[in-house]
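Protein chains in written order, with this note's numbering: chain L, 1 to 351; chain B, 1 to 351. Yeah, the Cβ is synthetic: ideal placement off N, Cα and C, and Gly gets one too.
Number of protein chains: 2
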Amino acid sequence: MARRPSADGRRRTTIKDVATRAGVSVPTVSRVLAGNYPVATATRTKVLRAIRELDYVVNAHARALAGATTKTIALVLHDIISPFFSHIAQGVEEQAAAEGRVCLVRTTHGDADRELAVVEMMREQHGDAVILVGGASQRDEYRERMTRFAHALDDAGSRLVLCGRPSLGPDVPATVVEYDNEGGAFAMTSYLLSAGHRRIAFVGASDMASTPTERVGGYVRAHESFGVPVDPALIVPGEFARSSGHHATRRLLEHGPEFTAVFAVTDIVATGVLHALREAGRRVPEDVSVVGYDDIPVAAELTPTLTTVRVPQLELGRTAVRLALHRHEPGTGQHVVLGTHIVVRDSVAPR
Amino acid sequence: MARRPSADGRRRTTIKDVATRAGVSVPTVSRVLAGNYPVATATRTKVLRAIRELDYVVNAHARALAGATTKTIALVLHDIISPFFSHIAQGVEEQAAAEGRVCLVRTTHGDADRELAVVEMMREQHGDAVILVGGASQRDEYRERMTRFAHALDDAGSRLVLCGRPSLGPDVPATVVEYDNEGGAFAMTSYLLSAGHRRIAFVGASDMASTPTERVGGYVRAHESFGVPVDPALIVPGEFARSSGHHATRRLLEHGPEFTAVFAVTDIVATGVLHALREAGRRVPEDVSVVGYDDIPVAAELTPTLTTVRVPQLELGRTAVRLALHRHEPGTGQHVVLGTHIVVRDSVAPR
DNA sequence: CTGAAAGCGCTAACAT
DNA sequence: ATGTTAGCGCTTTCAG
Numbered sequence: 001m002a003r004r005p006s007a008d009g010r011r012r013t014t015i016k017d018v019a020t021r022a023g024v025s026v027p028t029v030s031r032v033l034a035g036n037y038p039v040a041t042a043t044r045t046k047v048l049r050a051i052r053e054l055d056y057v058v059n060a061h062a063r064a065l066a067g068a069t070t071k072t073i074a075l076v077l078h079d080i081i082s083p084f085f086s087h088i089a090q091g092v093e094e095q096a097a098a099e100g101r102v103c104l105v106r107t108t109h110g111d112a113d114r115e116l117a118v119v120e121m122m123r124e125q126h127g128d129a130v131i132l133v134g135g136a137s138q139r140d141e142y143r144e145r146m147t148r149f150a151h152a153l154d155d156a157g158s159r160l161v162l163c164g165r166p167s168l169g170p171d172v173p174a175t176v177v178e179y180d181n182e183g184g185a186f187a188m189t190s191y192l193l194s195a196g197h198r199r200i201a202f203v204g205a206s207d208m209a210s211t212p213t214e215r216v217g218g219y220v221r222a223h224e225s226f227g228v229p230v231d232p233a234l235i236v237p238g239e240f241a242r243s244s245g246h247h248a249t250r251r252l253l254e255h256g257p258e259f260t261a262v263f264a265v266t267d268i269v270a271t272g273v274l275h276a277l278r279e280a281g282r283r284v285p286e287d288v289s290v291v292g293y294d295d296i297p298v299a300a301e302l303t304p305t306l307t308t309v310r311v312p313q314l315e316l317g318r319t320a321v322r323l324a325l326h327r328h329e330p331g332t333g334q335h336v337v338l339g340t341h342i343v344v345r346d347s348v349a350p351r
Numbered sequence: 001m002a003r004r005p006s007a008d009g010r011r012r013t014t015i016k017d018v019a020t021r022a023g024v025s026v027p028t029v030s031r032v033l034a035g036n037y038p039v040a041t042a043t044r045t046k047v048l049r050a051i052r053e054l055d056y057v058v059n060a061h062a063r064a065l066a067g068a069t070t071k072t073i074a075l076v077l078h079d080i081i082s083p084f085f086s087h088i089a090q091g092v093e094e095q096a097a098a099e100g101r102v103c104l105v106r107t108t109h110g111d112a113d114r115e116l117a118v119v120e121m122m123r124e125q126h127g128d129a130v131i132l133v134g135g136a137s138q139r140d141e142y143r144e145r146m147t148r149f150a151h152a153l154d155d156a157g158s159r160l161v162l163c164g165r166p167s168l169g170p171d172v173p174a175t176v177v178e179y180d181n182e183g184g185a186f187a188m189t190s191y192l193l194s195a196g197h198r199r200i201a202f203v204g205a206s207d208m209a210s211t212p213t214e215r216v217g218g219y220v221r222a223h224e225s226f227g228v229p230v231d232p233a234l235i236v237p238g239e240f241a242r243s244s245g246h247h248a249t250r251r252l253l254e255h256g257p258e259f260t261a262v263f264a265v266t267d268i269v270a271t272g273v274l275h276a277l278r279e280a281g282r283r284v285p286e287d288v289s290v291v292g293y294d295d296i297p298v299a300a301e302l303t304p305t306l307t308t309v310r311v312p313q314l315e316l317g318r319t320a321v322r323l324a325l326h327r328h329e330p331g332t333g334q335h336v337v338l339g340t341h342i343v344v345r346d347s348v349a350p351r
């Protein structure tokens, strides 16, 4: 058969080499490596020396195949550069590392089809969990495929984790780590209403994804709770992008209804809003108040510094890993909603 | 022996199940999967159907063990949240994905010892390459260990890639993808000198890592080339942190020599510089000019917008993967230096 | 074009 | 405390 050294003529040091050199059997080496079995001190020393001399490291694939767990966590997100995602990724990585795992990462750029493909390829890797981050598609077919995926992972002893996205339903074997999207928007809108604002534009609405939908929901509920009617013309659709905030604001200034405050769906969008306002000669917050959502680092560097909603991204990532890995331990809930809260800075003035 | 279904009573669908269901042998299934061998159309159809019905995916570990390549790229960086690193990571991920690979990610938080440990654990994973990103330790022992690591990877048919850090020497089997750190600093300092500045503070120097050392080098060389003496008191040490820029600038303002411009070692440090200047009532750029390095997104959002040195982070990451994967193809150099250039914005005024 | 057989490197049950 | 044996799921000769 194929006793080829390797794809390209290489031969790695294996456990067999170590065993031979140490003058022991292969399982003995395995035992000192695992450290979960009694081994004579003298033997252990010999083995350890052989390992050092040969500069041996285990083959993670062989180990995984032989039944020991994989020690990997799969992470799927839109991209790595957005501060929002990179902070979640950091949390995932830190917790994974703390639990002795490596992260397998793939990005989707927000494309639902690509996500499905990526997720399938993650299944091949047999990680301890597959963590999906960020806004999900609302399409039925997508939800159905994702549900099947959750079951497939479950059957394989792995776990699907939905991080920052809504549950797929009670019967789906998945861990959900959300944050209070609606509540943060409610609190922020209430804050603006309390400051006397009555015409608050919401920039970046969308009914294609859950996140903006929920944020608009909080915005609407706050109005209701204050008895202030919502002017639908003030809710303007858009993407999660700086340019989107810029264009929307410009349109609003030129053709839109009056407004005294802008609630940007994200901080990134808020930067575009700020830019458009500055171009139009409107002062913030004297003429127009502006708020964002997410509290990414740039929020504190803007002029004026941005009042926004803090989302615990790092904690989201950490919790995702923790819950997935300890799901069999008692007292480990599999659906948590982390809190959000307002961070008051300088971009809001009372009306 | 251990015909245990799996660690926790699960049984995944294997190639054998597919073969049985399709009424063919295991190798046949393998062949339709690989698609690199003639298979009768009827057979292929049967197999494909069985795969679909059973919702089968290959076991990446078994495949890796059996000799086929791993299809993974290991990535080691300080952290994922710094824009500088996350952009490189994004480039790596994109190119890796384009070449059909997943990324294995681990962070070190700039700790050299941890890096050595992480790198060792990446060796276990048998990826196609191990990409090390960002400032390296200058310690001899570290360099020696890293050199050994490069050889170990090379013996295993993998590749060490140093991304944004200096080469370990000509005999070390490693790919190096740098950017012109010194040149960017030279160009930026020349720009300030041309604008009439003669007392330029350099904030964030350090001789513990290569990056700041090279940037100071460019700063010094520009002075020499303009025949302007360098005042050592203007070169102030510090970390790559906002607070570091803030403190250094405050000390400079209180006890330091006169200066009309500040060259911050990174954009992040520049935000701290700007903050300290604002606190002290100095206007930028009217009273003091400020420049940064890296051109991370926040640079364009600061007030004033920051003149800085563009580093092609995405391209750095992409190139790292590309060179490592295609190192055996002719015309693929294994040491490239990507260019840097000044991005002029609003934070510099002529003197 | 397909199947039988061997083996990748490791771990875990079974004997000592 | 250690060695023997079997087998994880897959790919790859080698026969036919």
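Ordered along the chain, which non-local residues of its own chain (more than five positions away) have a Cβ less than 6 Å from that of residue i?
i              : result
H285 (chain L) : Correcting the residue identity first, residue 285 (chain L) is Pro in this sequence and not His. The residues are S347, V348, A349.
H335 (chain B) : V176
V105 (chain B) : L75
V298 (chain L) : none
T189 (chain B) : Y219, A222
H246 (chain L) : G272, H275, A276
Y142 (chain L) : A112
I15 (chain L)  : V26, V29
T13 (chain L)  : L54, Y56
Enumerate in chain order the residues of its own chain whose CB-to-CB distance from residue i is below 7 Å, with the five nearest sequence positions on each side excluded.
i              : result
L274 (chain B) : V284, V290, L302
D79 (chain B)  : F85, T107, H109
R4 (chain L)   : Only weak support exists for where R4 (chain L) lies, its pLDDT of 38 falling under 50; the value from the coordinates is given anyway. Cβ within range, chain order: n/a, list empty.
R322 (chain L) : Q95
T69 (chain B)  : D128
G183 (chain B) : G218, T340
Y37 (chain B)  : R31
T43 (chain L)  : V24, T28
T308 (chain B) : D267, V291, G292, Y293, D294, D295, A299, V343
Under the assumption that residue i contacts residue j (Cβ atoms under 8 Å), give the Cβ distance between them as a whole number of angstroms.
i              : j              : result
L153 (chain L) : R123 (chain L) : 7 Å
L316 (chain B) : V177 (chain B) : 6 Å
Q313 (chain B) : G91 (chain B)  : 6 Å
A22 (chain L)  : A50 (chain L)  : 4 Å
L193 (chain B) : F226 (chain B) : 5 Å
A355 (chain B) : Q138 (chain L) : An answer regarding residue 355 (chain B) cannot be provided, because it is not within the stretch 1 to 351 covered by chain B.
V337 (chain B) : Y179 (chain B) : 7 Å
R148 (chain B) : L116 (chain B) : About 10 Å separates the two Cβ atoms, so there is no contact after all.
T305 (chain L) : R351 (chain L) : Not a contact, Cβ separation roughly 20 Å.
T72 (chain L)  : V102 (chain L) : 5 Å
L253 (chain L) : A280 (chain L) : 5 Å
I268 (chain B) : A241 (chain B) : 7 Å
P83 (chain B)  : I296 (chain B) : 4 Å
Enumerate in chain order the residues of its own chain whose CB-to-CB distance from residue i is below 8 Å, with the five nearest sequence positions on each side excluded.
i              : result
D8 (chain B)   : Residue confidence for D8 (chain B) is low, a pLDDT of 47 falling below 50, so the modelled location carries little weight and cannot support an answer.
P229 (chain L) : H223
V288 (chain L) : F259, T260, A261, V262, L277, R282
- Item | Contact set between the stretch 48-74 of chain B and chain L, restricted to residues whose Cβ is under 7 Å from the partner | Flagged, chain order: D55, V57, V58, N59, A60, H61, A62, A64, L65, G67, T69.
- Short-range partners of chain L found in the stretch 77-105 of chain B, where Cβ spacing is below 8 Å: If the cut-off is 8 Å between Cβ atoms, the stretch 77-105 of chain B has D79, I80, I81, P83, S86, H87, A89, Q90, E93, E94, A97, V102, C103, L104, V105 near chain L.
- Task: Kindly confirm or deny that the stretch 173-189 of chain L and the stretch 235-245 of chain L touch, where touching means at least three C-beta pairs closer than 8 Å.
- Result: With the cut-off at 8 Å, the stretch 173-189 of chain L and the stretch 235-245 of chain L do not touch.
- Using 8 Å as the threshold, is the stretch 258-266 of chain B in touch with the stretch 197-216 of chain B, meaning 3 or more CB pairs across them? Result yes; three or more Cβ-Cβ pairs closer than 8 Å.
- Task: Could you pull out every unbroken beta strand (DSSP E) segment of at least 3 residues lying fully inside the stretch 239-272 of chain B, listed in chain order?
- Result: Complete beta strand (DSSP E) runs here, min 3: 261-264.
- Of the residues that make up the stretch 111-126 of chain L, which ones have a beta carbon closer than 9 Å to any beta carbon in chain B? Within the stretch 111-126 of chain L, contact with chain B at the beta-carbon level (separation under 9 Å) is assigned to V118, E120, M121, M122, R123, E124, Q125, H126.
- In chain order, which alpha helix (DSSP H) runs of at least 4 residues are fully inside the stretch 82-149 of chain L? Restricting attention to alpha helix (DSSP H) runs no shorter than 4 residues, the stretch 82-149 of chain L encloses them at 83-98, 112-124, ordered along the chain.
- Check distances from the C-beta atoms of the stretch 204-226 of chain B to those of chain L and list, in chain order, the residues that come in under 9 Å. Considering only beta carbons, no part of the stretch 204-226 of chain B lies closer than 9 Å to chain L.
- Query: Is it a yes or a no for the stretch 220-231 of chain B touching the stretch 204-211 of chain B, going by three-plus beta-carbon pairs under 8 Å?
  - Reply: As far as the Cβ criterion goes, the stretch 220-231 of chain B does not touch the stretch 204-211 of chain B, which means the pair count is below three.
- Taking only beta carbons into account, state which residues of the stretch 300-311 of chain L come closer than 7 Å to chain B, listed in chain order. For the stretch 300-311 of chain L, residues whose beta-carbon sits nearer than 7 Å to a beta-carbon of chain B comprise E301, L302, T303.
- Message: Please list, in chain order, the residues of the stretch 147-159 of chain B that have any C-beta partner in chain L closer than 8 Å.
- Response: Correct list: R148, A152, D155, A156, G157.
- Message: Could you tell me which whole alpha helix (DSSP H) segments of length 4 or greater appear in the stretch 181-238 of chain L?
- Response: You should have 181-194, 210-226.
- Query: Which full runs of the alpha helix (DSSP H) of 4+ residues lie inside the stretch 1-84 of chain B, going along the chain?
  - Reply: Counting only runs of 4+ residues, the alpha helix (DSSP H) found wholly inside the stretch 1-84 of chain B occupies 15-22, 26-34, 41-54, 60-65, in chain order.
- Near-chain L residues of the stretch 313-340 of chain B - C-beta to any C-beta below 7 Å: Answer set for the stretch 313-340 of chain B: empty.
- Item | Interface residues of the stretch 271-304 of chain B facing chain L [CB-CB below 8 Å] | Answer in chain order: T271, P297, V298, E301, L302, T303.
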